Amino acid sequence: MNIRNNPFKYGVTTLVLLLLVGLVGKWVVGKTSQNKVTYQTSRVEKGTLITSVSASGTILSTGMLTVNSNATGVIKKVYVKDGDVVSIGQKIAEIILDQTGLEKYASAYASYVQAQNAVNSANNSLRSAIASAEKVLDEVKGHDTDETLTQKESRTKAEVARDNAYDATKSAAANFTTAAYALRLASPVITAPYSGVVDNFGLVEGLVVTGGKVADIKMDTLPVVAVNLNEVDVSKIKIGQKVTLTADNLPDKTFTGKVATIDKTGIVTSNVVSYAVNIRLDNQAFDLLSNMTVSVQIMTNVKTDVVLVPSSSVQTANNQSTVQVMKDGKPTTVTVEVGLSNDSQTEITSGLNEGDEVVISSTTATSKSSSSGSDTSPFSGVGRAGGNVRIGPGF
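FYI, in the working numbering the residues of the sequence shown are 1102 to 1496.
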């Protein structure tokens, strides 16, 4: 029977042929599709690797101290100007005290004399207590095993009296220091409390003063910065390590220094242990003010002439490190041994040579006649900007 005379059989045959053509066409298109992989690479180079500990610090001292006065009255005479070098005790200015200033000075002087007398009295009491204690100790000498109760009581009382007398001298000395400072502030003669260079001097003859800042004195001492580190970071710190510092209000300046002291005792705050580290700057930095906050980088290791790769190119699993190295346009996995590393670079101690090209990221793109897709490799998203771009066949 002729197929063309049977409409149903003719339609089925046509449908089958169309399906076959479609399948063959899809197979041909699929066979001609090609995956293209783009590799971002970086060349292995030799260089210097620096590891560091970052912390926030506070300026403890700046090498600049303030001269103050509580005296009130009129400036009679000035003896210095900005830039002058002064020594401790040298005259800076004289004031004609007003009534309030005279009363302050008289009161401060009376307190000073009283404190001085207290020091003398405490010293006399200490000498007496020491003599009494020595006398009692001589009496009980040689009686360590058969000391009577009366002898023990006498010895104990004498030792307690001696110790109390010693404490009294320390207290009297502290009070005398406070009184002497108050007298200096109230004095009509302003003197330099430190040796150094006068700066920010604001007094002129005839000026009415009511107390306050007189000047700054720049000293030869170098600024000191304090930082607190946790127990992990402090274990990396050693005396003499180099430090760089920056301050938010001085964005164009970087200061250098060295680790000066490390407190190994530690302070516990809210169950967290911190260790104080003091840093002494290499040079004067009068731009830095006391109690200012600074950002600190302590260099814990510096290695020169080492083989370096981007840290993002190193993959580590099961205690084994590998990198992808481009060979003949294709990436090859190479096992490497790593040394020091920081956030951006890793030292390679074996497995790579200077000039090798390592993969830091890759992207796979699939294109067809009517659609396209993309696939991302395990490296995608972990590389850093820069490097070379290679295009190779999929596999």
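Note that beta-carbon positions come from the ideal geometry of N, C-alpha and C, so glycine has one too. As the structure is a prediction and not an experimental result, all values here were calculated from the model.
In the DSSP assignment, find the beta strand (DSSP E) that holds GLN1446 and state where it starts and stops. 1446 to 1451 is the extent of the beta strand (DSSP E) around GLN1446.
Would you please state the rounded distance, in angstroms, between the beta carbons of TRP1416 and VAL1344? I believe it to be under 8 Å. Per the sequence shown, residue 1416 should be read as Gln rather than Trp. 33 Å between Cβ atoms; not a contact.
Quick one: any contact between the segment 1333 to 1342 and the segment 1207 to 1225, if contact means 3 or more CB pairs under 8 Å? No: fewer than three Cβ pairs fall under 8 Å.
Just reading off the beta strand (DSSP E) that THR1292 is part of, what are its end residues? Here the beta strand (DSSP E) through THR1292 covers 1290 to 1292.
What residue range is occupied by the uninterrupted alpha helix (DSSP H) comprising ALA1269? Where ALA1269 is concerned, the enclosing alpha helix (DSSP H) stretches over 1250 to 1287.
What separation, rounded to the nearest whole angstrom, lies between the Cα atoms of LEU1094 and ASN1218? As displayed, the chain neither begins before 1102 nor continues past 1496, which places residue 1094 out of reach and without an answer.
Please report how far the alpha carbon of SER1422 lies from the alpha carbon of SER1414, in whole angstroms. SER1422 and SER1414 have their alpha carbons spaced roughly 10 Å apart.
Just curious, the alpha helix (DSSP H) that TYR1555 is in, first and last residue? Because the chain spans 1102 through 1496 in this model, residue 1555 falls outside it and cannot be assessed.
Does SER1414 come out as helix, strand or coil in the three-state DSSP assignment? In the structure shown, SER1414 sits in a helix (DSSP, three-state: H, G or I).
So, LYS1100 versus GLY1164, is the Cβ gap smaller than 8 Å? Residue 1100 lies beyond the range of the chain shown here (1102 to 1496); nothing can be said about it.
What's the gap between the Cα of SER1475 and the Cα of THR1464? Only weak support is given to the placement of SER1475: the predicted model assigns it a pLDDT of 41, under 50, and the question is left unresolved by the model.
Length of the line joining the Cα atoms of GLY1484 and ARG1144: Confidence is the limiting factor: at GLY1484 the pLDDT is only 38, short of 50, which leaves the residue's position unreliable, though a coordinate-based value still follows. Straight-line Cα distance between these residues: approximately 13 Å.
Would you mind giving the Cβ-Cβ distance between MET1400 and SER1153, rounded to the nearest angstrom? I have them listed as a contact below 8 Å. Contact annotation, MET1400 with SER1153: C-beta distance approximately 5 Å; criterion of less than 8 Å satisfied.
Taking VAL1439 and LEU1453 to be in contact with their CB atoms under 8 Å, please state how far apart those CB atoms are, rounded to whole angstroms. The beta-carbon separation of VAL1439 and LEU1453, rounded to 10 Å, does not stay under the 8 Å limit for a contact.
Could you check if ALA1386 is buried or exposed, using at least 16 other CB atoms within 10 Å of its CB as the buried criterion? Buried.
In angstroms, rounded to a whole number, what distance separates the CA positions of ALA1172 and ARG1263? Roughly 41 Å between the two C-alpha positions.
I need the boundaries of the beta strand (DSSP E) containing VAL1335, first residue and last residue. Where VAL1335 is concerned, there is no enclosing beta strand (DSSP E), although the alpha helix (DSSP H) it sits in stretches over 1332 to 1335.
Tell me where the beta strand (DSSP E) around THR1322 begins and ends. Note, THR1322: premise wrong, no beta strand (DSSP E); not H, not E.
Using DSSP with H/G/I as helix, E/B as strand and the rest coil, what is SER1157? Of the three classes helix, strand and coil, the one that applies to SER1157 here is strand, per DSSP.
Tell me whether the segment 1310 to 1325 and the segment 1185 to 1196 touch, counting them as touching only if at least three CB pairs, one residue from each stretch, are closer than 8 Å. With a cut-off of 8 Å, the segment 1185 to 1196 and the segment 1310 to 1325 count as touching, because enough Cβ pairs lie within range.
Assigned exposure category for GLN1215 - 16 Cβ within 10 Å defines buried: Exposed: under 16 other Cβ atoms inside 10 Å.
Check SER1162 in the structure and name its three-state DSSP category. Correct three-state label for SER1162: strand.
For the segment 1255 to 1270 and the segment 1284 to 1299, state whether three or more C-beta atom pairs, one from each stretch, are separated by less than 8 Å. The answer is no - the segment 1284 to 1299 does not touch the segment 1255 to 1270, with fewer than three Cβ pairs under 8 Å.
Have a look at VAL1410 and LEU1441 and give me their C-alpha separation to the nearest angstrom. For VAL1410 and LEU1441, the distance between alpha carbons rounds to 11 Å.
Cβ pair count under 8 Å reaching 3, the segment 1422 to 1431 against the segment 1454 to 1461: The segment 1422 to 1431, when compared against the segment 1454 to 1461, does touch it at the 8 Å Cβ threshold.
Cβ atoms of ALA1377 and THR1159: under 8 Å apart, would you say? No; because the gap between Cβ atoms is not below 8 Å, this pair is not in contact.
C-alpha distance - ASP1183 paired with SER1212, whole-angstrom precision: About 34 Å.
With distance defined between alpha-carbon atoms, name the residue in LYS1253, ARG1381, THR1447 and ILE1338 nearest to LYS1365. Per the Cα distances, ILE1338.
Go ahead and pull the three-state DSSP assignment for PHE1387. Note: PHE1387 maps to coil in three-state DSSP.
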